[in-house]
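**Q** Please see the structure below; I have some questions.
Protein chains: 2
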Amino acid sequence: MEHADLAEELSRIVGPRFVRTERAELATFASDGLPTLRRTPALAVLPGSGREVSHVLAALHRRGIPFVARGAGTGLSGGALGEAPAVLVTLTRLSRILAVDPENRRAVVEPGVVNAALSRAAAPFGLMYAPDPSSQTACTIGGNVAENAGGPHCLKYGVTTNHILELEVALPSGDVVRLGCPGGDAWGPDLVGTFTGSEGMFGIATEITVRLVPLPTDVRTMLADYTSLRRAGEAVTAIITAGIVPAALEMMDHNAIEMVESSAYAAGYPVDAAAVLLVELDGSPAAVEADAVATRTLLEGSGARTVRVARSAAEREKLWQGRKKAFGAMGRISADLVVQDAVVPRTALPDVLEAIAAIGARHRLRVTNVFHAGDGNLHPNLSFDASDADQLARVHAASGEIIRACVAAGGTITGEHGVGLDKLAYMPLVFGPDELGLMAAVRRVFDPDEQANPGKVLPTSQCREWRPWSTA
Amino acid sequence: MEHADLAEELSRIVGPRFVRTERAELATFASDGLPTLRRTPALAVLPGSGREVSHVLAALHRRGIPFVARGAGTGLSGGALGEAPAVLVTLTRLSRILAVDPENRRAVVEPGVVNAALSRAAAPFGLMYAPDPSSQTACTIGGNVAENAGGPHCLKYGVTTNHILELEVALPSGDVVRLGCPGGDAWGPDLVGTFTGSEGMFGIATEITVRLVPLPTDVRTMLADYTSLRRAGEAVTAIITAGIVPAALEMMDHNAIEMVESSAYAAGYPVDAAAVLLVELDGSPAAVEADAVATRTLLEGSGARTVRVARSAAEREKLWQGRKKAFGAMGRISADLVVQDAVVPRTALPDVLEAIAAIGARHRLRVTNVFHAGDGNLHPNLSFDASDADQLARVHAASGEIIRACVAAGGTITGEHGVGLDKLAYMPLVFGPDELGLMAAVRRVFDPDEQANPGKVLPTSQCREWRPWSTA
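Chains as they are written, first to last, in the numbering used here: chain A, 62 to 533; chain B, 62 to 533.
Dropping the structure here:
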């Protein structure tokens, strides 16, 4: 009954078509990009404007009902999952690009705008939105802000937080605030930086001002293949140490190559290689040429068997297609796939890759590595069948061991997918109770009742309680 | 008496030599780089370690005495000024470089390490600390963190916040926390980003882990001179629009040229020019050569009278000396100098420079512009004599008009000097009561009693009060 009453109130705000309460409808919202967890929300509401978002949150606030914001649902840490009594606030209807300002190189978008659509809108002005998650043809800018998303080209251009200038935010109370200022430099405590990457715990961004960057005048894509995974890892360090900043520097291991080459996305990678490196350079033609000469020397010097340079846009596209569709290709060999995410110091890459292979072997799991080698951001992928309880248990155990190995090597538990539900238990590996407590206290500034994306990111039982308010 | 008692307690922590209570001693701490304000603290304490900082803060906390952290005192917004009953916590003794880790490109330093000393320590490893405020031979990393300092080379490399990985912080309670994690990517709410730029309101960083970047293999410095200030401004936009990212892109106007050339730091700038642009390119030799060709074409195309390229390290040094010592040169023509700081969209530079000239003329003040043109970060400098009340009043009035003109052009009130005391009144020009209130609430997470650098940055009377804690 309470449900029916809530549904009716929300219907008055967004229209009855945009409140979903049927079991079958809710099933489509019960999972995101993390295949190991399912959660069914009390209902799903699809507001059509920032104003409607604010009214929806105010209504939920009055009733003390928690909520979870959801964009395209491509997230890989379970961040967009909501369990009843939580309500799912789905933002896909807020998909308008409100302004592109080429002179000052910025754009204003609603949170449901698809990442690739924004770059398409900027392209006629010679500009692009730089952060490019592999899911960029589906994922939304709002989700990118929540997760502080990365992508292959973030090695050179920086992750999402480096590209967000201003935010309009509906707080969990329904209050609407603007964070940052039009000049781009928020002064005083940096609330835009604090919000970006807060994984839905601070409220919902209803309008996002992003930085645009010039499209490079020249791009060169190179593929190097190695018969030793260790040598490929060493090549990464050699390139970065030489002071070259590639636009992207990606690695795929033997398993990944094999899966891509046996799929519809075959990119011509040598199937007998232990690893390939995909190196992209961009900039002015002469700068690219100079860096390309130096990069080839380093690749060959570190033992590359062949170094191939894409000679046309089509060939470049094809080399990238193998990388971008690798996850799809993995889908062919197993029902489910966990895309793990962790970071290690670049110099630790060779050792950690060997450790991960050993963990996979011990748990009898196929591990495939496709990742952003240039910034040490690993993605060991575990193929499995979630309906097999034993396999699922082995995936969980192997995931934990992989994360611990990365932390032990001086790394951290996630590079770009966020903590969400999946990494909640690992937070104490890298943060102490003091810092977790401070994070929780900052969160309560925005969300005093902990109603936004509850139960995620911060393992509350491990947080020290900070006295939040003067008693003087 | 209370003073004597406090001095005695602090002496037990840091040693009697390092507690300063005499009027004459305190006079040296009564001003910083902002000449328009003086404040005398109750006493000054100079701890010798992070542990001593923590004990000092705990002692002050027990007594309910506020404090202000101070590094080298080079700040330009009055951020390091403390007025009795506040105690000044001076960090110059914490000047150890604790580690340089070339493999992972990071260094760990105490807050009192001088900016230039860190780059000197990194140079033997082919690395540098990128943010380079003009005061870099004196200012400290701790102060740079507090103010989120910029500098000429931040156009390419990013400001301080992009280079801080991990912090050990003594909170105002005396509690010591570590923010961030060794992997560099703090996940969850970004406390390192929140602390950086918080202008001493959150506590004192006692240990700072910074990112180091490779020294460029080639550097090219060019000087272009213009007979029109507007044309020089347009050249800046032309270079950036072409997708070139200079390491630095600085502008000096006619007044600045004249002062430099009549000083001991004469750099050979043409004294009849309306403006000079100093463009520095860095990277690999071929990339630099390519960008240099393109840059020269753009400079000449926008009306440069001459374009000079430094042919040796000595000549480069000399071109930069004029820029870096410009503030010193200005010191020769007047007793005092206010170095203003504001940001405008690059495209607004020509109009805003004309508006600033008009404001200076109306208030009969000599205005000199020396600034980071590439990122629209203006520094209009006002020469005056602070002992002349009428001049001082005109400086205040002109400063306010300049800041308002920048905000009206879509800019903001400070680019790199911070808000401190000087810009406090301007915060409501760019932030509403909601956002100011949220900033204040975030600050109270770290400093519930508002004892750290009180009365700065946040105009509390204009802040909306946010309910900070669940009442549910």
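Glycine included, every Cβ here is placed at the ideal spot set by N, Cα and C.
Using a Cβ-Cβ cut-off of 8 Å (strictly less than) and excluding sequence neighbours within five positions of Arg455 (chain A), which residues of its own chain qualify?
**A** Within the first sequence, the letter at position 394 stands for residue 455 (chain A). Result list for Arg455 (chain A): His424, Arg425, Leu426 and Phe445, in chain order.
**Q** Buried or exposed, going by whether 16 or more other CB atoms sit within 10 Å of the CB of Pro127 (chain A)?
**A** Indexing the first sequence from 1 puts residue 127 (chain A) at position 66. Its Cβ being crowded by 16 or more others within 10 Å, Pro127 (chain A) is buried.
**Q** Since I believe Val220 (chain B) is in contact with Glu477 (chain B) (beta carbons under 8 Å), could you give me their beta-carbon distance rounded to a whole number of angstroms?
**A** Along the second sequence, one-based indexing puts residue 477 (chain B) at 416. Along the second sequence, one-based indexing puts residue 220 (chain B) at 159. Indeed, because the Cβ distance is near 7 Å, the residues count as touching under 8 Å.
**Q** Please give me, in chain order, every unbroken run of the alpha helix (DSSP H) with length at least 4 that falls completely inside the region 202 to 232 of chain A.
**A** 202 to 208 and 215 to 218
**Q** By the DSSP assignment, the beta strand (DSSP E) with Pro277 (chain A) in it spans what residues?
**A** Taking the first residue of the first sequence as position 1, residue 277 (chain A) is located at position 216. Pro277 (chain A) -> no beta strand (DSSP E), and no H or E assigned at all.
**Q** So, for Arg131 (chain B): in the same chain, excluding its five sequence neighbours on each side, which residues have a beta-carbon less than 6 Å away from its beta-carbon?
**A** Taking the first residue of the second sequence as position 1, residue 131 (chain B) is located at position 70. So the qualifying residues of the chain are Ala141, Leu149 and Thr151.
**Q** In terms of residue numbering, what span does the alpha helix (DSSP H) encompassing Glu113 (chain A) cover?
**A** Translated into the one-based positions of the first sequence, residue 113 (chain A) becomes position 52. Gly111 to Arg124 is the extent of the alpha helix (DSSP H) around Glu113 (chain A).
**Q** Closer than 9 Å, Cβ to any Cβ of chain B: which residues of the region 271 to 305 of chain A, in chain order?
**A** Val274, Pro275, Leu276, Pro277, Thr278, Thr298, Ile301, Thr302, Ala303, Gly304 and Ile305
**Q** Cβ closer than 8 Å: which chain A residues qualify as neighbours of Arg239 (chain B)?
**A** Working through the second sequence from its first residue, we reach residue 239 (chain B) at position 178. In chain order: Gly493, Asp495 and Glu496.
**Q** Would you say Gly215 (chain A) reaches chain B, if we count a Cβ-Cβ gap shorter than 8 Å as a contact?
**A** Taking the first sequence and counting its residues from 1, the one referred to as residue 215 (chain A) is at position 154. Sequence inspection shows Cys at residue 215 (chain A); the Gly mentioned does not correspond to that position. Chain B, which has no Cβ nearer than 8 Å to the Cβ of Cys215 (chain A), makes this no.
**Q** Rounded to whole angstroms, what is the Cα-Cα separation between Gly329 (chain A) and Arg372 (chain A)?
**A** Position 268 of the first sequence, counting from 1, holds the residue named residue 329 (chain A). Position 311 of the first sequence, counting from 1, holds the residue named residue 372 (chain A). Taking the straight line from one Cα to the other gives about 14 Å.
**Q** Could you check the C-alpha separation between Val169 (chain B) and Val161 (chain B) for me, to the nearest Å?
**A** Working through the second sequence from its first residue, we reach residue 169 (chain B) at position 108. Working through the second sequence from its first residue, we reach residue 161 (chain B) at position 100. Cα to Cα, the separation comes out at about 7 Å.
**Q** Measuring alpha carbon to alpha carbon, tell me which residue in A:Arg291, A:Leu118 and A:Ala103 is nearest Ala336 (chain A).
**A** Within the first sequence, numbered from 1, the residue matching residue 336 (chain A) stands at position 275. Minimum Cα distance to Ala336 (chain A) is reached at A:Arg291.
**Q** Do Met283 (chain B) and Ala387 (chain B) have their C-beta atoms closer together than 8 Å?
**A** Position 222 of the second sequence, counted from the first residue, corresponds to residue 283 (chain B). Position 326 of the second sequence, counted from the first residue, corresponds to residue 387 (chain B). Cβ distance not < 8 Å, so Met283 (chain B) and Ala387 (chain B) don't count as in contact.
**Q** Where does Leu107 (chain A) fall in DSSP's three states?
**A** For this step, residue 107 (chain A) is matched to residue 46 along the first sequence. Leu107 (chain A) falls in the coil class under three-state DSSP.
**Q** Which residues bound the alpha helix (DSSP H) around Ala387 (chain A)?
**A** Within the first sequence, residue 387 (chain A) is the residue found at index 326, counting from 1. It spans Ala387 to Met391 - the alpha helix (DSSP H) in which Ala387 (chain A) sits, taken as one unbroken run.
**Q** When DSSP labels each residue in this structure, what does Asp508 (chain A) get in the three-state scheme?
**A** Reading the first sequence from its first residue, position 447 is the one you call residue 508 (chain A). Of the three classes helix, strand and coil, the one that applies to Asp508 (chain A) here is coil, per DSSP.
**Q** Can you check whether the C-beta of Thr151 (chain B) is within less than 8 Å of a C-beta belonging to chain A?
**A** Counting from one through the second sequence, the residue named residue 151 (chain B) turns up at place 90. Answer no: the Cβ-Cβ gap between Thr151 (chain B) and chain A never drops below 8 Å.
**Q** Restricting to Cα atoms, I'd like to know which of B:Thr270, B:Arg239, B:Asp236 and B:Leu232 is closest to Gly261 (chain B).
**A** Numbered from its first residue, the second sequence carries residue 261 (chain B) at position 200. It is B:Leu232.
**Q** Are any of the Cβ atoms in chain A nearer than 8 Å to that of Leu408 (chain B)?
**A** Your numbering for residue 408 (chain B) matches position 347 in the second sequence. Per the sequence shown, the amino acid found at residue 408 (chain B) is Thr instead of Leu. Interface residue, yes.
**Q** How would you write the range of the alpha helix (DSSP H) that Leu87 (chain B) sits in, first residue to last?
**A** Taking the second sequence and counting its residues from 1, the one referred to as residue 87 (chain B) is at position 26. Its alpha helix (DSSP H) spans residues Arg84 to Ala88.
**Q** If we require 4 or more residues per run, which alpha helix (DSSP H) segments fall completely within the region 408 to 444 of chain B?
**A** 410 to 423
**Q** So for Met488 (chain B), helix, strand or coil by DSSP?
**A** If you number the second sequence from 1, residue 488 (chain B) lands on position 427. Residue state, collapsed to three classes: helix.
**Q** Quick check: is any heavy atom of the ligand GTP less than 7 Å from the C-beta of Val271 (chain B)?
**A** Looking at this structure, you won't find the ligand GTP or any other ligand, since it has none at all.
**Q** According to DSSP, is Thr153 (chain B) helix, strand or coil?
**A** Along the second sequence, one-based indexing puts residue 153 (chain B) at 92. Of the three classes helix, strand and coil, the one that applies to Thr153 (chain B) here is coil, per DSSP.
**Q** DSSP puts Val271 (chain B) in a beta bridge; with which residues?
**A** Within the second sequence, numbered from 1, the residue matching residue 271 (chain B) stands at position 210. Note: Val271 (chain B) sits in a beta bridge opposite B:Ala168 and B:Ile225.
**Q** Does DSSP classify Ala191 (chain A) as helix, strand or coil?
**A** Within the first sequence, numbered from 1, the residue matching residue 191 (chain A) stands at position 130. In the structure shown, Ala191 (chain A) sits in coil (DSSP, three-state: anything other than H, G, I, E or B).
**Q** Ordered along the chain, which non-local residues of its own chain (more than five positions away) have a Cβ less than 7 Å from that of Arg167 (chain A)?
**A** In the first sequence, counting from the first residue as 1, residue 167 (chain A) sits at position 106. The answer, listed in chain order, is Leu226, Thr270, Val271, Arg272 and Leu273.
**Q** What residue from A:Asp279, A:Thr278 and A:Ala296 has the CA that sits closest to Asp286 (chain A)'s CA?
**A** As a first step, residue 286 (chain A) is located in the first sequence; it is residue number 225 there, counting from the start. Distances from the alpha-carbon of Asp286 (chain A) to those of A:Asp279, A:Thr278 and A:Ala296 put A:Ala296 closest.
**Q** Mapping DSSP to helix, strand and coil, what is Ile463 (chain A)?
**A** In the first sequence, residue 463 (chain A) corresponds to position 402, counting from 1. Ile463 (chain A): helix per DSSP, three-state reduction.
**Q** In chain B, what lies closer than 7 Å to Arg504 (chain A) by C-beta?
**A** To locate residue 504 (chain A), count along the first sequence from 1; it is residue 443. Chain B residues near Arg504 (chain A): Pro250.
**Q** Compute the Euclidean distance between the alpha carbons of Ser196 (chain A) and Lys385 (chain A), then round it to the nearest angstrom.
**A** One-based indexing of the first sequence puts residue 196 (chain A) at position 135. One-based indexing of the first sequence puts residue 385 (chain A) at position 324. Roughly 8 Å separates the two Cα atoms.
**Q** When the cut-off is 8 Å and only beta carbons count, does Ala351 (chain A) lie next to chain B?
**A** Here the question's residue 351 (chain A) lines up with position 290 in the first sequence. Interface residue, yes.
**Q** Distance check for Ser289 (chain B) and Pro277 (chain A), CA to CA, integer angstroms please.
**A** On the first sequence, position 216 is the one that residue 277 (chain A) refers to. On the second sequence, position 228 is the one that residue 289 (chain B) refers to. Going from the Cα of Pro277 (chain A) to the Cα of Ser289 (chain B) covers about 31 Å.
**Q** So that I know if they touch, is there some Cβ in chain B lying closer than 8 Å to that of Cys524 (chain A)?
**A** Translated into the one-based positions of the first sequence, residue 524 (chain A) becomes position 463. Not an interface residue.
**Q** Can you find the residues in the same chain that come closer than 6 Å, C-beta to C-beta, to Pro535 (chain B), ignoring five residues on each side of it along the sequence?
**A** Because residue 535 (chain B) is not part of the residues shown, which for chain B are 62 to 533, the question remains open.
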